[in-house]
Amino acid sequence: MIASSFHWRLLIGTILALMAAIWLMPAWLPKPDFQENRVLAAAPALPRHLADIHAFRKAGDAYVADRFPGRAYLISYLNRLRMMVGVSGSERVIVGRQGWLFYDDGTHLGAARNDPPMSGPDLRAWLTAFAGRTENLRARGIAYVMVVAPAKEIIYPQFAPGWLHGLDPNRPTQLLPRLVRQANLGEVIDLTPALAAAARNGPPLYSLHDTHWNGQGAYVGYAALMTRLHALGLTEGPLPESAFVMIPGGPGSSAQPRDLAKMLGVGDKVSIDYPHIINPPGETALKRTFLTDKTDWTSPQELDTGQVGKPTLLLLRDSFSNEMLPLLLPHFSRIILAHNQDGTWRPDLVDRFKPDLVIGETIEHGLRVSMYGSPDPSPQTMVRIDKMLVDMAAHAAAGQALPTLEPASREQAAAIAAAVRTDNCNIETAKLSSSGGQARFGVSGWLSELGRGVTSPHGLIGLKSQAGALLVAPIDMDRPRPDVAAYFKNPNGEASGLVGDFFIRRLPPGTYAPVAYRRAGGGWIGCTGKQALVAP
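Here is the structure:
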């Protein structure tokens, strides 16, 4: 009894001591450099009725979890330990090799892996919107250019996590510029080749601990952009790097950009090296006018550069433009800035400022969603786009570049008929484009048996008509899905991703549902997607 009593006193004392230590952490230790990029839980309203108690308790738990004094310190030190073994403490940050951090937009570097791929309808919508912008501005004597800033994992894939098995050559930033050139729709400038070449032989162009390119990377991107604009007859060429000032980003400077490290709460625990490039004469002459009541960097603004006789630029941008902006000042008399969050197509600013050039700048994973709200192109251009896409699908199928959905064989039909329906599945995207009886089917998602092992990666993907007819093709379901493994707390769920693009030689009109099946320990399992895909 004495030992038992001592045991409980020791346990209670230890718990109280730990609670006191956590409570006093802010008085003992410097505040961690922590930026979660989310709104913390607010204090819950007091319950007014008995039915409100459950919601009050749940909201109270969230409030306490977000607000107790030592929370930031515990997260910071724990995430630093996790980083050392290659594990991330944030769903928005991926820990790669040799301490490199990468931003996760929720697709697990999907832009690099082409996951999900752009299907025929997606491509058509993007190309027609881009052509509509180009034609709309061209009719007013204004040039339109789209510029793509590559993500860090595109330039430094060797430092990405081991599950990134190379870069897909048909990812949107490679496919869309090719199609734009092929159909003569305008100009998309991909800065990837210039940065990839410079990264092989020069200093680092991106920081280990930040999403964005540094001053060195911004200069390489600027030089490639201005060289192309000059070739198009729109501006003069780039100035040499010696025309600007490169400020070394010495390790340890607390002022250096480090957004990924801050998301983990370790911004003050890693050595930051982020050189900046600046333009002192240009920035001294600059006059800035904000166009709304907002005055942060994302606000619409007009920059008078003091350069006489130079063109006017409307730059629709994201955060990658910040490091490059000082380099653009010598080339334009006025620069109108607007953030993509307020719209990637701004006819209001075009009408007001009448620019000579409109540049839409976006990071890699933003390109595919950058064309919303665009005017329609001419009917002749629409016909040209449609013909190109149909020819591309037919050529790909003929050259066996795309697998083909075919009527299910006897063996496949038997396996499908015996398949057990499972909820351990999500067909996340399913797109169908059809023209002239031919079609293209793009799909992505995951399907897992979530057992003690993975029976087989082999499965079937397909379309099922309302009458029950099946078109299927083999597919391997082993794309990395660490989110599935983490959610179900089963490591065997990671090898469950499926991504595919398929050609259909003849697709009868009708409504179809996407279906997926795979081998499992007890036979086959399968699921049906919620999408209703219509072939005219």
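Those letters in the sequence shown? Residues 967 to 1502, per our numbering, in order. Just so you know, even glycine gets a beta-carbon here, dropped at the ideal spot from N, CA and C.
Pair within 8 Å by beta-carbon distance, residue i and residue j
i     : j     : result
L1157 : A1190 : yes
E1330 : R1283 : no
L1333 : T1139 : yes
I1060 : M1112 : no
T1094 : D1357 : no
I1393 : G1419 : no
L1281 : I1325 : yes
L1295 : T1258 : no
G1466 : V1409 : yes
A1097 : L1142 : no
I1427 : A1482 : yes
L1323 : A1109 : yes
L1195 : N1245 : no
M1290 : G1187 : yes
R1406 : S1085 : yes
A1380 : L1436 : no
R1137 : N1080 : yes
Residue i (DSSP reduced to helix, strand or coil)
i     : result
R1485 : strand
A1189 : helix
L1333 : helix
G1466 : strand
G1408 : strand
M1348 : helix
L1093 : helix
E1101 : helix
E1415 : coil
E1057 : coil
S1287 : helix
T980  : helix
L1195 : helix
F1300 : With the sequence shown as reference, residue 1300 is identified as Arg, and Phe is not the correct amino acid for it. Here R1300 sits in strand by DSSP.
L1075 : coil
M1354 : helix
S971  : helix
H1015 : coil
E1372 : strand
N1306 : helix
G1425 : strand
V1420 : coil
Buried/exposed call for residue i, threshold 16 Cβ in 10 Å
i     : result
R1144 : exposed
K1397 : buried
F1068 : buried
P1204 : buried
H1305 : buried
S1287 : buried
R1300 : buried
K1228 : buried
Y1338 : exposed
R1106 : exposed
F1469 : buried
F1256 : exposed
D1070 : buried
P1241 : buried
S1336 : buried
T1261 : exposed
T1250 : exposed
D1314 : exposed
Q1222 : buried
S971  : exposed
Nonlocal neighbours in the same chain, by C-beta distance under 6 Å from residue i, ignoring five residues either side
i     : result
V1386 : I1491
G1459 : S1414, L1416, V1450, A1451
S1422 : R1485
R1350 : A1149
Y1478 : L1429, S1431, L1499
E1207 : Y1185
T1264 : H1305
Residue-chain proximity (residue i, chain B), Cβ-Cβ < 8 Å
i     : result
Y1483 : Absent from the structure is chain B; it holds one protein chain and no more.
Own chain residues within Cβ distance below 7 Å of residue i, not counting five before or after
i     : result
A1162 : I1121
P1475 : A1501, P1502
V1053 : V1061
A1164 : L1171, V1186
S1285 : H1178
Beta-carbon contacts of residue i that lie in its chain and below 8 Å, excluding the five residues immediately before and after
i     : result
Y1172 : K1118, I1121, Y1122, H1178, W1179, N1180, G1183
P1076 : Rather than Pro, the amino acid found at residue 1076 in this sequence is Gly. Taken in chain order, the residues that qualify are P1082, H1331.
D1442 : P1423, H1424, G1425, L1464
P1087 : K1397, L1398, S1399
Margin query: Report the start-end ranges of each beta strand (DSSP E) in the segment 1132–1173 that is 3 residues or longer and not cut off at the edges.
Written below: 1154–1156
Next item on the list: Mind listing, in chain order, the continuous alpha helix (DSSP H) runs of no fewer than 4 residues lying wholly within the segment 1430–1464?
Entry: 1448–1454
Note to self: Going residue by residue through the segment 1224–1280, where are the continuous beta strand (DSSP E) segments of at least 3 residues, counting only ones entirely within it?
What the structure shows: 1242–1244, 1253–1256, 1267–1270
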